[in-house]
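S.K.:
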Amino acid sequence: MSENIKYDSIVIGSGPAGLTAAIYHARANIKTVVIAGNQPGGQLTITPMVDNYPGFPNGVGGFKLMMDIQNQVKNFGVEIRQGIVKKISNDKFPISKIFEVELENGEKLETKSVIVTTGAIVKWLNLPKEKELIGKGLSSCATCDGMFFRDKTVAVVGGGDTACEDAAFLAKFTKKVYMIHRREEFRASMAEQKKVLENPKIEIWWNSEVKELNGKEKLTSIKVFNNKTREEKTLEIDGLFVAIGYSPVTKFLEGLVELRESGQIITGKNEKLTTMTSTEGIFAAGDCVNENHRQAIIAAGEGCRAALEAQSWLGRL
Ligand SMILES: Cc1cc2nc3c(=O)[nH]c(=O)nc-3n(C[C@H](O)[C@H](O)[C@H](O)COP(=O)(O)OP(=O)(O)OC[C@H]3O[C@@H](n4cnc5c(N)ncnc54)[C@H](O)[C@@H]3O)c2cc1C
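Mapping the sequence shown onto my numbering, position 133 (from 1) lands on 149, and the numbers just tick up by one.
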């Protein structure tokens, strides 16, 4: 393996967590490469407006924010490589504790440490027009976009904890919230269910599935199918929040680091290095770790922490 592809740190992922980690590594003179993955800039790049990232009094486009952070990383001299990581292994160099990171194109890179920031993919409804309507009435994040729907009518799809939490949160300032759930009962905890069932602003449509999204410039209505009565109804709404789950992008880590049943990476076993995984030298941050509160500012903050902790770990090698 050639000498010129040896790194102190490989950051996997180029969302807020990965790019922030790269900034901190660059400033500490840690030889770093960011592997950007198939979504350079991460999930925020698909949202037209981010209103809750500090420093932008009038909000900022998600794509612009991420490209600005990417330029900041590049200005510090960090290499950002296009590519997708297929495998990480440490069996080749167990004594020197060097990891081999293999990309899908067959390239192999060596590094002393790794920061995994591969995020989590939102489960959407897979309906026509869905992609075009994201940010135009369609959202996967009540915390991020709820405030755009003050005094409006919205619907939430899902029946788990997140869906119930989102519905209760939205009911605080919207005119009306419909909950569309394909089963006859919720999967959410009793505490979360109670918040929804006892809220007069929330109307639940059981046994119901969204079949169509309507609207051109923005979402105006949805077609809902009742899987018991086989009836179809059109519901006029201003906003639709999809809360049917996330899939953490961690499959390539199976067998290398401990994962939760849900696929999220387990960190925090080491009290001093709270972002370290069950494998020494591999750190993780952002949505691929967090089961709750998936927010860009949290991912960025954790990316910073992972870089600082990786630096202190590298210092001890
Ligand atoms: C539509 C939408 C709107 C949102 N709006 C807001 C908002 O307004 N405010 C807010 O705070 N949050 C918002 N969020 C949430 C926010 O985007 C996430 O919390 C945040 O992006 C998580 O950052 P991350 O760095 O952990 O992961 P991500 O942003 O998901 O980035 C993951 C990165 O990993 C890369 N990757 C994945 N697999 C591999 C691999 N095998 N090899 C190499 N790279 C890989 C991807 O290409 C990507 O670059 C929104 C999310 C969505 C989907």
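Quick reminder that beta carbons are idealized off the backbone N, C-alpha and C, glycines included.
Here the structure is a predicted model, which means the values were calculated and not measured.
Residues in the same chain with beta-carbon distance under 6 Å from C320, minus the five sequence neighbours each way, listed in chain order, please.
M.R.: Along the sequence shown, read from residue 1 onward, the residue named residue 320 stands at position 304. Result list for C320: T36, Y40, in chain order.
S.K.: With DSSP as the reference, label T236 as helix, strand or coil.
M.R.: Within the sequence shown, residue 236 is the residue found at index 220, counting from 1. Coil, per DSSP.
S.K.: At the level of alpha carbons, what is the spacing between M65 and G75?
M.R.: Looking up residue 65 in the sequence shown gives position 49. Looking up residue 75 in the sequence shown gives position 59. Whole-angstrom Cα-Cα distance: 6 Å.
S.K.: Is the beta carbon of E181 closer than 9 Å to that of E208?
M.R.: For the purposes of this step, residue 208 is taken as the residue at position 192 of the sequence shown. For the purposes of this step, residue 181 is taken as the residue at position 165 of the sequence shown. Result yes, Cβ atoms of E208 and E181 sit closer than 9 Å.
S.K.: For N243, which residues in the same chain have their Cβ closer than 8 Å to its Cβ, ignoring the five residues on either side in sequence?
M.R.: Against the sequence shown, residue 243 aligns to sequence position 227. Result list for N243: R198, N223, S224, E225, in chain order.
S.K.: Checking 9 Å against the spacing of the C-beta atoms, do T133 and I28 come in under that value?
M.R.: Sequence index remark: in the sequence shown, residue 133 carries index 117 (1-based). Sequence index remark: in the sequence shown, residue 28 carries index 12 (1-based). Yes, Cβ-Cβ distance for T133 and I28 is below 9 Å.
S.K.: By the three-class DSSP mapping on this structure, what secondary structure does W222 have?
M.R.: Here the question's residue 222 lines up with position 206 in the sequence shown. DSSP places W222 in coil when its eight states are reduced to three.
S.K.: Would you report the Cα separation of N20 and V49, rounded to the nearest angstrom?
M.R.: Here residue 20 refers to the residue found at position 4 when the sequence shown is read from its first residue. Here residue 49 refers to the residue found at position 33 when the sequence shown is read from its first residue. A caution first: N20 carries a pLDDT of 42, below 50, which makes its placement in the model too unreliable to give a value.
S.K.: At which residues does the beta strand (DSSP E) containing G255 begin and terminate?
M.R.: The count along the sequence shown starts at 1 and reaches residue 255 at position 239. Counting along the chain, the beta strand (DSSP E) containing G255 begins and ends at 255-258.
S.K.: Would V173 pass as a contact of V258 if the rule is Cβ separation under 9 Å?
M.R.: Mapped onto the sequence shown, residue 173 falls at position 157. Mapped onto the sequence shown, residue 258 falls at position 242. Yes, the Cβ-Cβ distance between V173 and V258 is below 9 Å.
S.K.: Would you say S129 and L269 are within 9 Å of each other, going by their C-beta atoms?
M.R.: Here residue 129 refers to the residue found at position 113 when the sequence shown is read from its first residue. Here residue 269 refers to the residue found at position 253 when the sequence shown is read from its first residue. For S129 and L269, no; Cβs fall outside 9 Å.
S.K.: Please say whether A312 and G77 have beta carbons closer to each other than 9 Å?
M.R.: As a position in the sequence shown, residue 77 is number 61, starting the count at 1. As a position in the sequence shown, residue 312 is number 296, starting the count at 1. Note that the C-beta distance between G77 and A312 is not below 9 Å.
S.K.: Mark P73 as exposed unless 16 or more other C-beta atoms lie within 10 angstroms of its C-beta, in which case mark it buried.
M.R.: Your numbering for residue 73 matches position 57 in the sequence shown. P73 is exposed by the Cβ-count criterion.
S.K.: The alpha helix (DSSP H) with I39 in it runs from where to where?
M.R.: For the purposes of this step, residue 39 is taken as residue 23 along the sequence shown, with counting starting at 1. Element bounds for I39: 32-43.
S.K.: Tell me the DSSP bridge mates of R166?
M.R.: Your numbering for residue 166 matches position 150 in the sequence shown. Partner(s): none; R166 has no beta bridge.
S.K.: With DSSP collapsed to three states, give me the class of T159.
M.R.: Indexing the sequence shown from 1 puts residue 159 at position 143. Helix.
S.K.: Looking at I314 and ligand 1, is the gap between the Cβ and the nearest heavy atom below 8 Å?
M.R.: The residue you call residue 314 lines up with position 298 of the sequence shown. True, at least one ligand heavy atom lies under 8 Å from that Cβ.
S.K.: Quick one: measure Cβ to Cβ for I26 and I46, integer angstroms, because I've assumed they're closer than 8 Å.
M.R.: In the sequence shown, counting from the first residue as 1, residue 26 sits at position 10. In the sequence shown, counting from the first residue as 1, residue 46 sits at position 30. Their Cβ separation, rounded to whole angstroms, is 11 Å, which puts I26 and I46 out of contact at 8 Å.
S.K.: Just checking R310 against ligand 1 - is the residue's beta carbon closer than 8 Å to any of the ligand's heavy atoms?
M.R.: Along the sequence shown, one-based indexing puts residue 310 at 294. The answer is yes for R310.
S.K.: Which residue's Cα is closest to the Cα of G271: S105, R203, K227?
M.R.: By one-based count along the sequence shown, residue 271 stands at place 255. Comparing Cα positions, the closest option is S105.
S.K.: Following the continuous beta strand (DSSP E) through T250, name the residue where it begins and the one where it ends.
M.R.: Working through the sequence shown from its first residue, we reach residue 250 at position 234. Its beta strand (DSSP E) spans residues 248-252.
S.K.: For V265, does the three-state DSSP call read helix, strand or coil?
M.R.: Stepping through the sequence shown from its first residue, residue 265 is reached at position 249. Three-state DSSP puts V265 in coil, outside helix and strand.
S.K.: Skipping 5 residues on each side, what residues in its chain have a beta carbon closer than 7 Å to that of G151?
M.R.: Position 135 of the sequence shown, counting from 1, holds the residue named residue 151. The residues are T63, P64, M65.
S.K.: Looking at the unbroken beta strand (DSSP E) that takes in E116, where does it start and where does it end?
M.R.: Here the question's residue 116 lines up with position 100 in the sequence shown. Looking at the DSSP string, the run of the beta strand (DSSP E) that includes E116 is 115-119.
S.K.: Hey, how far is the Cα of K211 from the Cα of G99?
M.R.: Numbered from 1 along the sequence shown, position 195 holds the residue referred to as residue 211. Numbered from 1 along the sequence shown, position 83 holds the residue referred to as residue 99. Using only the alpha carbons, I get a separation of about 44 Å.
S.K.: Decide if the segment 138-145 is in contact with the segment 112-125; the criterion is three or more beta carbon pairs, one per stretch, under 8 Å apart.
M.R.: no
S.K.: To the nearest angstrom, report how far apart E325 and L213 are at their CA atoms.
M.R.: Locating residue 325 in the sequence shown gives position 309, where the first residue counts as 1. Locating residue 213 in the sequence shown gives position 197, where the first residue counts as 1. Looking at the two C-alpha atoms, the distance is approximately 44 Å.
S.K.: When the Cα atoms are used, what is the spatial distance from K188 to N215?
M.R.: Within the sequence shown, numbered from 1, the residue matching residue 188 stands at position 172. Within the sequence shown, numbered from 1, the residue matching residue 215 stands at position 199. Rounded to the nearest angstrom, the gap between the Cα atoms of K188 and N215 is 10 Å.
S.K.: Is it buried or exposed for P70, if we count other Cβ within 10 angstroms and need 16 for buried?
M.R.: Stepping through the sequence shown from its first residue, residue 70 is reached at position 54. Exposed, because fewer than 16 other Cβ atoms sit within 10 Å of the Cβ of P70.
S.K.: Considering only their Cβ atoms, is the gap separating T178 from I253 smaller than 9 Å?
M.R.: Looking up residue 253 in the sequence shown gives position 237. Looking up residue 178 in the sequence shown gives position 162. The answer is no: Cβ separation not under 9 Å.
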